[in-house]
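The sequence shown finishes on residue 450 if you use the working numbering, and the numbering steps up by one all the way, no holes. Just so it is clear, CB atoms sit at the ideal spot from N, CA and C, and this is done for glycine as well.
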Amino acid sequence: MAASKCTRLGGELSRRFVASVDTVLFDCDGVLWRGDEAVPGAPELVNELKLRGKRVFYLTNNSTKTRAMYAEKLGRLGFGAEPSEVFGTAYCTAVYLRDMARLAGKVYLIGGQALSQELGAAGIPHLGQGPDPLTGGFSDWARVDRDPQVKAVVVGFDEHFNYMKLNRALQYLQDPSCLFIATNTDTRLPLEGGRAVPGTGCLVRAVETAAHRKAQVIGKPNSFIYDCVVKECGLEPSRTVMVGDRLDTDILMGSSCGIRTLLTLTGFSSLEDAKSYQKSGSDSMVPDYYVDSVADLLPALSEQDQ
Ligand SMILES: [Mg+2]
145 MAASKCTRLG
155 GELSRRFVAS
165 VDTVLFDCDG
175 VLWRGDEAVP
185 GAPELVNELK
195 LRGKRVFYLT
205 NNSTKTRAMY
215 AEKLGRLGFG
225 AEPSEVFGTA
235 YCTAVYLRDM
245 ARLAGKVYLI
255 GGQALSQELG
265 AAGIPHLGQG
275 PDPLTGGFSD
285 WARVDRDPQV
295 KAVVVGFDEH
305 FNYMKLNRAL
315 QYLQDPSCLF
325 IATNTDTRLP
335 LEGGRAVPGT
345 GCLVRAVETA
355 AHRKAQVIGK
365 PNSFIYDCVV
375 KECGLEPSRT
385 VMVGDRLDTD
395 ILMGSSCGIR
405 TLLTLTGFSS
415 LEDAKSYQKS
425 GSDSMVPDYY
435 VDSVADLLPA
445 LSEQDQ
């Protein structure tokens with residue numbers, strides 16, 4: 145029987161679905177929590193999944209927290225996670241530079257404390273974090289001091305982003321051998337009450353525009369975070385599901401990695417968004433299944449045999 149996409153999970157279907165899954169990959173914001181509050185029922189679901197022997201991992205584009213900081217937040221909200229279950233872009237960027245790029249040199253970092261800590265933990269020397277006030281004029285900016293050991297520019301979320309940092313990134317990236325990595329390209333960070341602030345994607349686009357180059361992106365929808373989970377923990381793709389609230393990151397990544405996808409409607413994307421992608425034939429952004437909230441899966445779990 146060919147599975148039709150964008151099917152609501154409930155009842156018997158939900159029970160069969162849960163039985164067919166060994167590993168659940170969760171996005172966090174909009175899925176397990178909103179701001180600083182857990183989605184009702186989400187901690188119970190995650191704990192119940194683990195009790196039934198399912199493995200759970202957390203995949204997030206947010207670069208402002210280390211694995212340890214994420215585990216702490218998950219624990220505080222009732223999820224009880226280990227740092228080794230968290231795959232965020234701060235950690236995965238460090239892994240990429242160390243294991244894939246095998247960087248022999250320093251990073252010029254546009255990013256915050258968490259990225260700096262994860263680079264440090266991976267043994268990658270870096271500079272640039274913190275405020276960098278603008279001084280001088282045009283001719284000084286083009287001749288700004290450059291550390292000859294810098295072999296990569298990394299752009300993540302940086303609340304101190306300014307013209308001086310943009311200029312330094314350009315000066316390094318004029319060398320075509322200098323790597324150019326972005327943690328993620330999310331355009332906005334959603335806040336309570338429908339408000340939002342500019343996300344890392346805005347900073348990445350500014351640097352790309354100045355450098356006339358495209359960054360290599362670590363975060364979803366690219367598959368590198370998923371590849372990290374596979375490499376470190378192993379998983380069976382046919383028994384794995386990606387659960388997310390965004391069609392253009394979480395669901396697209398799951399589709400392109402060949403795993404099943406589940407959209408939850410507690411966050412960014414709506415069912416109407418999914419249906420309109422389905423109508424226009426953009427199947428990779430249409431989830432296999434959807435639920436109003438991840439808590440909707442709880443009854444299916446309690447009906448499982450122990
Ligand atoms: Mg999300």
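Excluding sequence positions up to five before and after residue 252, its CB lies within less than 8 Å of the CB of 270, 271, 272, 291, 294, 296, 297, 298, 312, 313 and 316, all in the same chain and listed in chain order. When secondary structure is reduced to three states using DSSP, residue 419 falls in the helix class. Taking 7 Å as the cut-off, the C-beta of residue 231 does not count as close to any heavy atom of ligand 1.
A buried status is given to residue 434, since no fewer than 16 other beta-carbon atoms sit within 10 Å of its beta-carbon.
Between residue 149 and residue 432, the gap from beta carbon to beta carbon is short of 8 Å.
Going down the chain, each residue whose beta-carbon is closer than 7 Å to a heavy atom of ligand 1 shows up: 171, 172, 173, 174, 175, 388, 389, 390, 394, 411 and 412. Scanning its chain for C-beta atoms nearer than 8 Å, with the 5 sequence neighbours on each side dropped, one finds around residue 362 the residues 233, 236, 237, 240, 325, 326, 327, 328, 368 and 369, in chain order. In the structure shown, the three-state DSSP call for residue 324 is strand. In this structure residue 176 does not touch residue 168 by the C-beta definition: roughly 11 Å separates them, more than the 8 Å allowed. With contacts defined as CB atoms closer than 8 Å, residue 389 and residue 411 qualify as a contacting pair. Put simply, the backbone Cα of residue 379 is about 18 Å away from that of residue 364. With a threshold of 16 other beta carbon atoms within 10 Å, residue 211 meets it and is buried. Non-local C-beta neighbours of residue 285 in its own chain, meaning closer than 7 Å and more than five positions away in sequence, comprise 311, ordered along the chain. In this structure, residue 247 and residue 323 form a Cβ contact; the two beta carbons are roughly 7 Å apart against a cut-off of 8 Å. For residue 286, there is no enclosing beta strand (DSSP E); the residue is part of the alpha helix (DSSP H) that begins and ends at 282-286. Considering only 302, 349, 307 and 359, the residue with the shortest C-alpha distance to residue 321 is 359. Separation of residue 438 and residue 343 (C-alpha to C-alpha, rounded to the nearest whole angstrom) is 25 Å. Counting along the chain, residue 204 sits inside the beta strand (DSSP E) bounded by residues 199-204.
Of 305, 187, 225 and 245, the smallest CA-CA separation from residue 256 is found for 305.
The shortest CA-to-CA distance from residue 231 to any of 407, 396, 245 and 374 is the one to 374. Excluding its 5 nearest sequence neighbours in each direction, residue 266 has C-beta neighbours in its own chain below 8 Å: 238, 239, 241 and 242, listed in chain order. In the displayed model, residue 273 falls within coil according to three-state DSSP, outside both helix and strand. With contacts defined as CB atoms closer than 8 Å, residue 258 and residue 204 fail to qualify as a contacting pair. Rounded to whole angstroms, the gap between the alpha carbons of residue 430 and residue 341 is 27 Å. Counting the other Cβ atoms within 10 Å of the Cβ of residue 158 gives 16 or more, which makes it buried. As DSSP reads the structure, residue 178 sits in a beta bridge with 181.
Straight-line measurement puts the Cα of residue 346 at about 24 Å from the Cα of residue 180.
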